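To keep things clear, I will list the structure first and then write my remarks on it.
Residue numbers (the UniProt record's numbering): 1 to 110.
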């Protein structure tokens, strides 16, 4: 896949997830990210960087109101990695509207 800019919906979801994150560096990176990977199943999952061999950390979780679906923003060593969508009810082609997200920030282990 050739790198591309985020769609308006992808940008809105990323911004909503980052609003809940307490990480200034991620906010700075968000203006520069490009989609380099999509999911072959057709769901809206997107990657901002190659994942091969890298350890993923979940930065922000969200559930989609009215469904059992979830999504999360992940990083690789402090670098924005992408947004993963886990569909339980249906497999949408795009992310839900940000106002449908119930966002939580995972607790970090000490």
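Quick reminder that beta carbons are idealized off the backbone N, C-alpha and C, glycines included. Keep in mind it's a predicted model, so treat the numbers as computed, not measured.
Does the Cβ-Cβ distance between residue i and residue j come in under 7 Å?
i	j	result
residue 69	residue 87	yes
residue 12	residue 96	no
residue 54	residue 76	yes
Let's test the definition: count the other Cβ atoms within 10 Å of the Cβ of residue i and tell me whether it reaches 16, buried, or not, exposed.
i	result
residue 104	exposed
residue 17	buried
residue 109	Because the pLDDT at residue 109 is just 42, under 50, the model does not fix this residue reliably, and the value given afterwards should be weighed accordingly. Label assigned to residue 109: exposed.
residue 91	exposed
residue 59	buried
residue 80	buried
residue 26	buried
Residue i: which of the options sits nearest, CA to CA?
i	options	result
residue 29	99, 66, 74	74
Any contact between the region 33 to 53 and the region 70 to 89? By contact I mean 3 or more CB pairs, one from each, below 8 Å. The answer is yes - the region 70 to 89 touches the region 33 to 53, with three or more Cβ pairs under 8 Å.
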